[in-house]
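Before any comments, here is the structure.
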Amino acid sequence: MRFSNLLWFLIFAALWMTLPRESVALGDPSIVWTLELGPQFAECPVPYPSESPNSLIFATGGHVARVDGSGKVIFQVDLGPEEGRGMMFWPSIADVNGDGAEEIIAGRNDGFVYALNADDGDILWECQLPERLTNYEWADSADLDGDGRAEVVVTTMYGWVYAIDDDGTILWGSKMEDYRPSAPTIADIDSDGEPEIVYGTATRYMIALNAQGDLEWASFQPPHHLGRTVPLVADLDKDGQAEVFGMSSMLSPGKGLVCLNGSDGDLLWYGLTIGKAYSGRALTRFADGSLGVLSCDKGGNIHAHQSDGALRWHNRLSGRGVHNPPVTADIDADGNLEVVATVRDTSTDGEGYNWYVLNADTGEILGAWNHPKLGFMGPAVLDIDRDGDLEVILCSKEGTVTAYSFGGPAIPESVAFGNARQRTFPVRVAAPHEDPKPTVAPIQLIDEIPLPRFGSNLLTINLPDSEEGSLAIELSVTDPDGFRSIQVFHGEDGQVEASWRALIPGDYGITLRLLDLDSNKTLGSQELSLRLKDVGAIADLTQEALNHFEDSMREGREDNLVLQLRASEIEARFAKLSSAIQKSLEMNVSQRRTVADDADEYVQFLARSVDFSSLVSSEISSGRKPKFVCWQDENPWDNRNPLDDLPVHGEPPVIRAWAFGNEKESVCFNILNLSNDPLTLRVEPGKVTGPEPLPKVSEVTTLHRVLWLPTSDSLEIADLLPRLDEGYLLDLAPGEARQLWINLSTRELSEGVYEFVWPLRSLDMDSRTIDLTVQLEVSPVRLPENSRFYTGYWSRTNLDGYDTIPDL
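Heads up, the sequence shown stops at 960 in the numbering used here, and the numbers go up one at a time, no gaps.
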């Protein structure tokens, strides 16, 4: 009898423990262990292996560490120097070689992806991508082709999505938009038994690709900037169909969370965010067992949405925003699920908190604590040391890793969604369909493809007359090595300007698909094939350019020496490029890309040289010895090389500008040295005419040169506009073009038209002067004397008002 009573008591106690009860404030957690990994490992913890984890993976760009359940380092790996800002590459774990054990996928933001043995950190393969990875990147991995080995999918800064095979070879690359795609998520979003890849773009699209990189659907969601989100795939309403969630990193008050239908990308509903949002999205579970989705933003707001988009609760945490996904678990064994969330840095309320625990059903804050310099990093909840209790794992931006415990038992139902890398929807939900894909009607989109050349090739495609919606062309190219490149080009004014790159001689297969992006229909397709014969097309372009030079030099005057030297440069550069192209079959992919870049730059050089030849001939025909020319830069903000916009003659330029009163207006002159020698130019003092009283030119204008600086992408851009030195000199090498910016202030000018003239004189024995003229019309309408501009910046988030700065 006593045993029977004890048994019933234990059963009752167990049932009582599982019943939800009133939430109470949490006591302080105990610290299980602490580890100083260092700032190079400051990232969200990823449990390893994915089933029954006993360790944690930490990784940022170029660094990987595995830590066991007791807080001891198993290994640390340095993958090489990292470049640029935002050096974060979350690790992924997947069985890429089919041996039954998961490998670690890591990377560097400069374009390298690695597969590491999880036992000792040995590098199994290294893959160098053509471009940098996006900041705050993570790869996703899944078996795309059903061979039992996972492929790795990653996105790069300039819009490409790459699939990497189990040996580190790039299988395919796909691109629809040019800039900043988000990290990818892989799931069977249309229940066809095949995985799809979903990602967002800075250009307001959510995009779904099939496992071969072809476009499945593209959902245009303005004004949402979806290029910094990480898509979340889940069946929130439990109808067996996937929903795709993304968040906007641009302010979209009231609808910053986007919920799309997984099968076609149609909008289902918008959810609430107040500030900008990044990766702070996660699933949660309410007390009634239904699923919800959390949307967290830069203002510290957490919103919990039900499956129909209705807001279940909202709370606001102090700090500089919730950037990474919260987790949901019953961490204290009270029968209620809690949400654990971290904020960037520390709270602004003076308490110094940077991680919080909230009731998952109501959003009530149950407790808040400080983990030293937490930064961006999100939490993980699991029984990492196998002691039967759950731990909350946090890592700070200084690399301090701590395991905390509230005493909650590690039973299956106590963890709903325990880490950011947890799969929330299957990669395959059924066996692949046996029915073949619907046949696509053939369509004649282009008669023939122009003779291909090494490097970039352009295609102009006339779109058929159609009442369909937004038309686009998907261009798929398979090269002689089997690499497949897929790009989508939008139609505009009845045409599509498409391009593709050739890296090696040989046979290429090309498929064109006509798409209706609004209905996600394929309207027709065309198959073509071609053969690239090393340098043939570039040789033809070279000969055309040399023929143009020969015509320009036919008069045989002494002034043609500059053209003779440029023609000799063309011949020398072609010989060097031709040799490199003929050796391309012996090169690796990275070397071939370099040669292709050289080929593109050379073709651009040929076009500039032809324009240069025409300009020199025009100067000679006008009776002027070629020395230097000036012309207006119509759009100096476009970062375009002035040599791509040469004038047809060297007549003195006149710029016409318009401005409000009390405004600053900028104009820009391009200046080109046509001679064979270095040239020094001096800007002589300017003169002004117009309504009286006339100010001094120096009181209302400033002269500026352009300073070019390198970027993290190894490109140089026009970055600064320092004033010209007191000598007002510009030095130009032979054939060099430079810009002269002039800022005009209308603060002291009356209504009317003013003409400013600056003589630009060469400092040599055979001096020449060209007048730089600006005609400025000043409006009778004046801007306010003291203007202020609305701003947003990282150091402060003011959601209750607006931040401003004075007029610069």
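Note that the Cβ used here is the ideal one computed from N, Cα and C, for glycine as well.
### Task
Spatial neighbours of LEU682 within its chain, please: CB distance less than 8 Å, with the 5 preceding and 5 following residues excluded, ordered by chain position.
On the sequence shown, residue 682 is found 530 positions in, with the first residue counted as 1. Answer for LEU682: ILE601, PRO604, ASP659, TYR660 and ILE662, listed in chain order.
### Proximity to GLN192 [Cα-Cα], best of PRO936, TYR430, GLN647 and VAL229
Along the sequence shown, one-based indexing puts residue 192 at 40. Minimum Cα distance to GLN192 is reached at VAL229.
### Query
Among residues of its own chain, excluding the 5 on either side of GLU786, which ones have a beta-carbon nearer than 8 Å to its beta-carbon?
By one-based count along the sequence shown, residue 786 stands at place 634. The answer, listed in chain order, is ASP797.
### Simplified DSSP assignment, three categories, for GLU721
Taking the sequence shown and counting its residues from 1, one reaches residue 721 at position 569. It is helical.
### Task
Over the uninterrupted beta strand (DSSP E) stretch that includes GLU815, give me the two end residues.
For the purposes of this step, residue 815 is taken as the residue at position 663 of the sequence shown. From DSSP, GLU815 is part of no beta strand (DSSP E); its letter is neither H nor E.
### Query
If you pair each beta-carbon of the segment 254-264 with each one of the segment 324-340, do three or more pairs fall below 8 Å?
no
### Query
Where TRP893 and ALA354 are concerned, what is the direct C-alpha to C-alpha distance, given to the nearest angstrom?
Position 741 of the sequence shown, counted from the first residue, corresponds to residue 893. Position 202 of the sequence shown, counted from the first residue, corresponds to residue 354. If you take the alpha carbons of TRP893 and ALA354, they lie about 31 Å apart.
### Query
Can you tell which of ARG913, SER447, TYR880 and SER618 has its C-alpha closest to the C-alpha of GLY406?
Along the sequence shown, read from residue 1 onward, the residue named residue 406 stands at position 254. It is SER447.
### Message
Contact criterion: CB-CB distance below 7 Å. Does GLY221 meet it with respect to chain D?
### Response
In the structure shown, chain D does not exist; there is a single protein chain.
### Task
Report the three-state DSSP secondary structure of TYR200 (helix, strand or coil).
Start at 1 with the first residue of the sequence shown, and residue 200 comes out as number 48. Of the three classes helix, strand and coil, the one that applies to TYR200 here is strand, per DSSP.
### Message
Considering just the uninterrupted stretch of the beta strand (DSSP E) at ALA532, what are its terminal residues?
### Response
Along the sequence shown, read from residue 1 onward, the residue named residue 532 stands at position 380. From DSSP, the beta strand (DSSP E) with ALA532 extends over 532-534.
#### Entry: Rounded separation between ALA335 and PHE635 - CA only
Start at 1 with the first residue of the sequence shown, and residue 335 comes out as number 183. Start at 1 with the first residue of the sequence shown, and residue 635 comes out as number 483. Looking at the two C-alpha atoms, the distance is approximately 22 Å.
### Query
In its own chain, which residues sit with a C-beta less than 6 Å from the C-beta of LEU162, not counting the 5 before and 5 after it?
Translated into positions along the sequence shown, residue 162 becomes position 10. Residue placement at LEU162 is flagged as unreliable, the pLDDT there being 39, under the threshold of 50; the coordinate-derived value follows with that caveat. Here the set comprises nothing.
### Query
Between VAL640 and ALA624, what straight-line distance do the alpha-carbon atoms span, to the nearest angstrom?
The residue you call residue 640 lines up with position 488 of the sequence shown. The residue you call residue 624 lines up with position 472 of the sequence shown. Going from the Cα of VAL640 to the Cα of ALA624 covers about 7 Å.
### Query
Can you tell me whether DSSP reads ARG237 as helix, strand or coil?
The residue you call residue 237 lines up with position 85 of the sequence shown. Since pLDDT at ARG237 reaches only 49, below the 50 mark, its modelled position is unreliable, and no value is offered.
### Query
Using the rule of at least 16 other Cβ atoms within 10 Å of the residue's Cβ for burial, across every protein chain shown, is SER182 buried or exposed?
Position 30 of the sequence shown, counting from 1, holds the residue named residue 182. Exposed.
### Query
Excluding five sequence neighbours on each side, which residues of the same chain lie with their C-beta closer than 6 Å to the C-beta of PRO847?
The sequence position of residue 847 within the sequence shown is 695, counting from 1. Excluding sequence neighbours, PRO847 sits near GLU900.
### Message
Here's a check: name, in chain order, each residue in its chain whose Cβ is nearer than 7 Å to the Cβ of ASP272, leaving out the five neighbours to either side.
### Response
In the sequence shown, counting from the first residue as 1, residue 272 sits at position 120. Cβ neighbours of ASP272 beyond the five flanking positions: PHE227.
### Query
By Cβ distance below 8 Å, which residues in the same chain neighbour GLN734 in space, the five residues on each side in sequence not counted?
Start at 1 with the first residue of the sequence shown, and residue 734 comes out as number 582. Answer for GLN734: ASP686 and VAL687, listed in chain order.
### Task
Compare the C-alpha of GLU888 against each of ARG808, ASN793 and ASP877 and name the closest.
On the sequence shown, residue 888 is found 736 positions in, with the first residue counted as 1. Nearest C-alpha to GLU888: ASN793.
### Query
With contact counted as at least three CB pairs below 8 Å, one residue from each stretch, are the segment 382-391 and the segment 341-352 in contact?
yes
### Query
Roughly how many angstroms separate the alpha carbons of PHE264 and ASP617, rounded to a whole number?
Here residue 264 refers to the residue found at position 112 of the sequence shown. Here residue 617 refers to the residue found at position 465 of the sequence shown. Each residue's alpha carbon lies about 44 Å from the other.
### Query
Does the segment 804-815 come close enough to the segment 860-877 that 3 or more CB-CB pairs lie under 8 Å?
no
### Query
Which same chain residues, not among the five before or five after TRP421, have their C-beta less than 6 Å away from its C-beta?
Reading the sequence shown from its first residue, position 269 is the one you call residue 421. Answer for TRP421: CYS411 and GLY461, listed in chain order.
### Query
So which of MET917, GLY879, GLU696 and ILE536 has the shortest CA-CA distance to PRO199?
Here the question's residue 199 lines up with position 47 in the sequence shown. Taking only the C-alpha atoms, the option nearest PRO199 is ILE536.
### Pairwise C-alpha distance: LYS428 and SER400
Residue numbering aside, residue 400 sits at position 248 when the sequence shown is read from its first letter. Residue numbering aside, residue 428 sits at position 276 when the sequence shown is read from its first letter. Computed Cα separation, rounded: 6 Å.
#### Entry: Cβ-based neighbour list, TRP789, same chain, cut-off 8 Å, excluding 5 preceding and 5 following
By one-based count along the sequence shown, residue 789 stands at place 637. Same-chain partners within the cutoff: there are none.
#### Entry: Exposure label - ASP692; buried when at least 16 CB within 10 Å
Translated into the one-based positions of the sequence shown, residue 692 becomes position 540. The residue is exposed, with fewer than 16 neighbouring Cβ atoms inside 10 Å.
### Query
ALA485 and PRO561 look like a contact to me (Cβ under 8 Å); what is the Cβ gap, rounded to whole Å?
Along the sequence shown, one-based indexing puts residue 485 at 333. Along the sequence shown, one-based indexing puts residue 561 at 409. About 6 Å separates the two Cβ atoms, so the contact holds.
### Task
Output the boundary residues of the beta strand (DSSP E) element that contains GLU851.
Against the sequence shown, residue 851 aligns to sequence position 699. Per DSSP, GLU851 belongs to no beta strand (DSSP E); it is in the alpha helix (DSSP H), 849-852.
### Query
Got a sec? Which residues, its chain only, sit under 7 Å from ALA719 by beta carbon, not counting five neighbours each side?
Here residue 719 refers to the residue found at position 567 when the sequence shown is read from its first residue. Same-chain partners within the cutoff: LEU698 and PHE701.
### Message
Would LEU669 and SER622 qualify as a contact pair, given that the criterion is a beta-carbon distance under 7 Å?
### Response
Sequence index remark: in the sequence shown, residue 669 carries index 517 (1-based). Sequence index remark: in the sequence shown, residue 622 carries index 470 (1-based). Yes, these two residues count as a Cβ contact at 7 Å.
#### Entry: CB contact flag (GLY839, VAL909, <7 Å)
Residue 839 sits at position 687 when you count from the first residue of the sequence shown. Residue 909 sits at position 757 when you count from the first residue of the sequence shown. Just to set this straight, residue 839 is Lys in the shown sequence, not Gly. For LYS839 and VAL909, yes; Cβs fall inside 7 Å.
### Query
Should GLN596 be labelled buried (16 or more other beta-carbon atoms within 10 Å of its own) or exposed?
Walking along the sequence shown from the start, residue 596 turns up at place 444. Exposed, because fewer than 16 other Cβ atoms sit within 10 Å of the Cβ of GLN596.
### Query
THR321 to VAL781, Cα distance in whole Å?
In the sequence shown, the residue the question calls residue 321 occupies position 169. In the sequence shown, the residue the question calls residue 781 occupies position 629. Whole-angstrom Cα-Cα distance: 50 Å.
### Message
Let me check understanding here. Comparing Cα to Cα, which of GLU254, LYS390, TYR266 and SER371 lies closest to THR576?
### Response
Locating residue 576 in the sequence shown gives position 424, where the first residue counts as 1. Taking only the C-alpha atoms, the option nearest THR576 is LYS390.
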